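**Q** Numbering-wise, my numbering puts 30 at position 30 of the sequence shown, and it's gapless, one number per residue. Got a structure for you, written out below as structure tokens; questions coming shortly.
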Amino acid sequence: MTASIQTSSNPDAHGHGATAAPAVQLSSHSRFVQRLRRRYAADLALLPPGAPMRGHFTQAYEALRARGSSVADALRIVRNLVMERLVTLDCEAQASLEVVTTAVTQLAEFALDTACHEARRELALVHGQPLGPDGQPASLWVVGMGKLGARELNVSSDIDLIYLYDTDGETAGDATGRGKLANQDFFGRMVKRIYALVGDTTEHGFVFRVDLALRPNGNSGPNAVSLDALEEYFQVQGREWERFAWLKSRVVAPFDCIADASAQALRTVVLPFVFRRYLDYNVFDSLRVLHRQIREQAARRSAGRPSRANDVKLSRGGIREIEFTVQLLQVVRGGQYPELRTRPTLDALQRLARAGLMEQATADALAEAYVFLRRVEHRIQYLDDQQTHALPVNDDDLRWIAQTLGYADCCEFLTQLDAHRELVAQEFDKLLGGEPKPCNGKCNGKSGQATPADITGLLDELPPAFAERVKRWVDHPRVLALREEAQGRLRQLVQRTGQWMRDEADGDGAGEVADHLQAALRWADWIEPLLRRESYLALLVERPAVQRRLLRLLGAAKWPARYLLKHPGVIDELADDHMLTSRFDAQTFEQELEERRGALRSTGEADEEAMLNLLRRAHHAEVFRTLARDVEGRITVEQVADDLSALADTVLRVTARWCWPLVRNHHRPQPQFAIVGYGKLGGKELGYGSDLDIVFLYEDDDERAAEVYAAYVRKLINWLTVKTAEGDLFEIDTALRPNGNSGLLTISFDAYEKYQLGRGSNTAWTWEHQAMTRARFVLGDPELGRRFDAVREATITSIRDLDALKVQIVAMRDKVRSAHPVKADRFDVKHSPGGMVDAEFVVQYMVLSASARFPTLLPNVGNIALLQRAEDAGLLPPGVGRDAGVAYRELRRVQHVARLNEDPTQVPLTSLVAERTAMLALWNAAFG
């Protein structure tokens with residue numbers, strides 16, 4: 001046994017210069033380093049001081065070649081020099097994990113690029129260059145998987161490779177036209193030569209161990225596969241576990257294919273395979289099976305071999321469980337949240353935290369554990385350059401690992417190791433929610449769970465009405481068409497729902513479900529049309545809390561079920577424990593949209609359709625969050641309106657920003673443009689499904705302005721209203737623009753100002769000035785915002801004939817009422833005398849008639865606040881404005897609840913008497 005610590009008095013030993021060895025050279029305990037320093041003492045100086053990088057490899061390689069070393073020998077010697085340097089830097093200078101993994105990754109890339117060029121050169125001399133049908137050279141791409149793809153290789157890692165070529169064809173032949181080969185044969189021979197240059201063991205060892213088992217069809221498949229064949233394989237045979245493997249894939253060589261971006265074509269094939277369009281919870285079971293197989297394999301390897309039992313990678317709480325935790329969340333969500341598509345584990349952890357899929361503290365703790373475990377793994381491998389991850393049983397080796405990590409003794413080190421692994425294991429188990437049943441050698445993707453006939457066995461356990469509803473599924477074509485695994489999931493969900501009904505009693509209190517049976521029936525009506533999308537069954541099975549929250553939501557009102565049927569993917573929002581206690585955050589929402597757009601642009605996926613769907617998914621999810629808070633009683637009707645209005649403002653702002661660069665002949669970096677909101681948008685009183693009353697303005701002297709802004713507005717409206725696979729965003733109403741539907745879709749600000757202020761023959765009507773009381777600047781050029789506020793104030797405070805104003809407003813009120821007839825024995829909370837419209841017309845009259853004298857009426861602060869301000873100004877008798885405000889709030893709540901339940905907003909005359917009385921008193925006080 002070598003001494004665990006050796007000393008040296010030479011600070012420049014081994015030619016490391018700035019990274020001089022300390023008095024105690026911890027790196028010398030490594031048997032691997034000892035061998036390297038004996039064999040390559042004269043060559044260590046070929047690497048310049050400091051962390052080894054790609055340029056250093058090239059210099060050392062060229063120097064070795066110049067003195068006569070073969071390509072294979074030169075690559076192996078460079079690898080040995082790099083490893084000696086990394087052990088020294090890591091153990092004695094506490095180099096960061098990133099320094100080590102970056103160096104090893106770049107070494108692999110350099111070696112593969114060199115081997116690619118050498119192998120192609122040798123084969124082309126005999127067979128000519130491989131060509132495509134168009135006569136252009138065909139290319140071989142070396143795809144790095146796993147840690148190589150993620151740029152996080154460990155020091156004794158093998159490299160998982162897949163070799164692809166871009167097109168079929170044949171080689172040109174030699175100078176005489178002989179020796180032609182099919183491209184597949186040429187590239188297959190090239191793969192074998194690359195392996196010899198990189199993977200064969202010689203007197204200098206190897207550069208990297210190479211594993212091709214991840215290629216299509218595994219070890220039975222060809223060494224090199226065409227891109228077309230890969231795409232077909234994904235569509236026909238691709239398995240769930242392969243999606244995790246391809247998540248980190250990256251073309252790593254040759255460098256010229258990366259530089260000219262031709263290898264980018266691979267992403268268009270890989271992304272749709274790895275990331276599905278919908279939230280994909282089917283992968284949970286696949287990952288459970290894969291994880292169990294890995295654990296069983298590790299257990300078999302360590303059986304009777306205690307030295308292999310303590311594996312920092314594969315044992316419970318090891319590196320693999322961190323990687324699986326991260327990759328599972330990425331694969332499930334990455335289709336809808338492209339900002340999660342990143343290869344490195346540490347980066348992915350932070351992205352998951354920013355996306356709200358993991359607590360920041362958890363992400364930080366897993367990152368800390370990952371770095372710790374990887375550094376331990378490296379030290380295990382430094383000892384003998386073996387591809388092992390098990391802690392050594394030799395006391396001196398274990399003590400050396402502890403010392404190189406800065407621990408005084410093994411006890412302290414092992415305590416920290418256990419703490420990290422326990423945290424990792426807890427988070428992994430929490431995410432997967434348990435282990436799958438043993439496959440008994442029959443892991444063919446089927447779980448062996450219940451068949452549809454088993455649903456019959458549940459019927460006696462269910463409440464009669466729910467059992468009758470479920471009974472329809474026994475021979476339902478959609479259920480019979482499900483895979484056995486999905487049928488078992490459906491049975492499990494039915495059983496859970498019945499248990500939920502038994503465990504909870506109906507109640508009318510806060511947070512209680514009034515009718516559990518209705519909730520269960522609505523759930524059955526909701527899930528039935530979605531049975532073909534098995535991912536929703538998987539989601540609910542994997543997330544019992546989501547199913548419970550979904551049942552509560554469906555039990556609270558009818559409209560949520562309709563919304564969920566249109567946008568079923570939003571139910572995953574129920575997995576967020578903080579959703580009900582939070583509120584809409586415009587800044588965060590906008591930032592997340594920009595991050596997703598940036599992620600799509602980085603992979604060339606940011607076409608218009610992708611952007612339209614991105615906006616719709618984000619909007620629908622946020623509406624659903626507000627809806628869930630609403631029906632759970634966490635926010636008031638006013639807060640619902642505030643959040644939905646702020647959401648609309650943000651979506652409009654983002655859409656306007658994204659559309660402008662797409663307008664043909666746009667002539668400015670930023671448009672001199674504004675959107676003015678009227679009606680519910682202007683008053684910040686939006687409800688679910690409200691349309692947006694909008695006027696588009698511009699102020700631009702360019703001769704092309706009218707044409708350009710008209711095209712801009714058409715594109716904006718299209719983006720907001722067109723139905724895609726993800727639905728639409730809003731209905732847009734532009735009838736409040738000057739001259740209504742006969743006017744221009746977008747108008748200059750000067751023309752708008754003249755129209756509103758009556759300068760010229762074409763002027764606004766009184767009802768348009770009523771609408772102006774609720775108008776507000778929503779987005780655009782800030783200067784136009786200031787000018788709009790001035791026009792609004794001038795319009796509202798204009799001198800008017802008050803008697804004529806009163807007559808016109810009352811006439812308009814009568815016109816609105818006549819358009820919404822109500823039976824004599826009913827009261828419509830909005831349109832009947834004493835309804836909400838009365839208060840709205842009174843407020844408009846007060847603002848138009850008195851805001852010049854009472855400036856407190858100018859701000860667009862909502863009807864309730866303006867009623868109180870009118871009373872404070874003496875425009876209403878004491879108590880009338882206050883009482884009307886209270887009544888308005890209650891009528892609005894009643895209307896809101898009725899719409900959520902899809903009930904009529906007309907109630908018996910005996911209902912809401914106090915509110916109707918307060919409203920009539922307000923009307924009489926204003927109009928007599």
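Heads up, the beta-carbon is just placed ideally off N, CA and C, and yes, glycines get one too. In this text the structure is predicted, and so the values were computed from the model without any measurement.
If L745 and A705 are in contact, beta carbons under 8 Å, what's the gap, nearest whole angstrom?
**A** That belief does not hold up - the Cβ atoms of L745 and A705 are roughly 14 Å apart, past 8 Å.
**Q** Considering only the beta carbon of each residue, do L247 and V332 sit closer than 8 Å?
**A** no
**Q** At the level of alpha carbons, what is the spacing between V251 and W141?
**A** 6 Å
**Q** Is it buried or exposed for S851, if we count other Cβ within 10 angstroms and need 16 for buried?
**A** buried
**Q** Contact check, A224 vs Q184 under 8 Å by CB: the rounded distance?
**A** 6 Å
**Q** Tell me the DSSP bridge mates of L164?
**A** W141 and V225
**Q** Identify which residue in S157, Y163, V155 and P137 has its Cα closest to the Cα of E170.
**A** P137
**Q** Within 10 Å of its beta-carbon, does W765 have 16 or more other beta-carbons around it, so buried, or fewer, so exposed?
**A** exposed
**Q** If you drop the 5 nearest sequence neighbours on each side, which residues of the same chain put their C-beta closer than 7 Å to that of L398?
**A** L391, P392 and C410
**Q** For D630, I'd like the list of residues in its chain whose CB is within less than 6 Å of its CB, leaving aside the five on either flank, ordered along the chain.
**A** Contacts found: V640.
**Q** L876 and E793 - do their beta-carbons sit closer together than 8 Å?
**A** No Cβ-Cβ contact shorter than 8 Å links E793 with L876.
**Q** Rank D733, F730, R786 and I732 by C-alpha distance to the C-alpha of E753 and give the top, closest one.
**A** R786
**Q** Starting from the Cα of A60, find the closest Cα among R215, L107 and V274 and give me that residue.
**A** L107
**Q** I think V424 touches I455, with their Cβ atoms under 8 Å apart; what is that distance to the nearest whole Å?
**A** Not a contact, Cβ separation roughly 39 Å.
**Q** With DSSP as the reference, please indicate the residues paired to E359 in a beta bridge.
**A** DSSP, once it has assigned bridges, lists no residue as partnering E359.
**Q** In the DSSP assignment, find the beta strand (DSSP E) that holds L490 and state where it starts and stops.
**A** Careful: L490 lies outside any beta strand (DSSP E), inside the alpha helix (DSSP H) at E484 to D503.
**Q** I need the DSSP call for Q672, collapsed to helix, strand or coil.
**A** Note: Q672 maps to coil in three-state DSSP.
**Q** For a minimum of 4 consecutive residues, which ranges assigned as the alpha helix (DSSP H) are wholly contained in the segment 523-600?
**A** 534-542, 544-556 and 559-566
**Q** Could you check which residue in H667, A42, H666 and L574 has the C-alpha nearest to that of E622?
**A** L574
**Q** Three or more C-beta pairs under 8 Å: does that hold for the segment 532-542 against the segment 263-283?
**A** yes
**Q** Return the residue from the list W500, A520 and H476 that minimises the CA-CA distance to R532.
**A** H476
**Q** Which class does F208 belong to by DSSP, given the choice of helix, strand or coil?
**A** In the structure shown, F208 adopts coil according to DSSP, grouped into three states.
**Q** Does G677 come out as helix, strand or coil in the three-state DSSP assignment?
**A** For G677, the secondary structure class from DSSP, reduced to helix, strand or coil, is strand.
**Q** Give the straight-line distance between the Cα atoms of W53 and D43, rounded to the nearest whole angstrom.
**A** The sequence shown places Met at residue 53, rather than the Trp named in the question. Rounded to the nearest angstrom, the two C-alpha atoms are 17 Å apart.
**Q** Would you mind sorting L662 into buried or exposed? The rule is 16 or more other CB atoms within 10 Å of its CB.
**A** exposed
**Q** What residue range is occupied by the uninterrupted beta strand (DSSP E) comprising R776?
**A** Here the beta strand (DSSP E) through R776 covers R776 to G780.
**Q** Within the same chain, show all residues whose beta-carbon is closer than 7 Å to that of V822, passing over the 5 residues directly before and after it, in chain order.
**A** D828, H831, S832 and Q906
**Q** Under three-state DSSP, which class holds D364?
**A** Of the three classes helix, strand and coil, the one that applies to D364 here is helix, per DSSP.
**Q** Can you name, in chain order, every residue of its own chain whose Cβ lies under 6 Å from the Cβ of R277, other than the five neighbours on each side?
**A** Within the same chain, and ignoring the five residues on either side of R277 in sequence, the residues whose Cβ sits closer than 6 Å to its Cβ are G335.
**Q** Drop a sphere of 10 angstroms on the beta-carbon of I799, count the other beta-carbons inside from all chains shown, and report buried for 16 or more, exposed for fewer.
**A** exposed
**Q** Does the segment 347-366 touch the segment 374-389, meaning 3 or more C-beta pairs lie closer than 8 Å?
**A** no
**Q** Pull up the distance between the alpha-carbon of G468 and that of R562, whole angstroms please.
**A** At residue 468 the sequence reads Glu, which differs from the Gly that was named. The straight-line gap from Cα to Cα measures roughly 22 Å.
**Q** What's the call for E534, buried or exposed, on a 16-neighbour Cβ count within 10 Å?
**A** Per the 10 Å Cβ criterion, buried.
**Q** Per DSSP, P130 forms a beta bridge with which residues?
**A** T171
**Q** Pick out whichever of E592, A115 and L564 has its Cα sitting closest to the Cα of G356.
**A** E592
**Q** If contact is defined by three or more beta carbon pairs under 8 Å, each pair taking one atom from either stretch, is the segment 144-162 in contact with the segment 343-355?
**A** Touching, yes.
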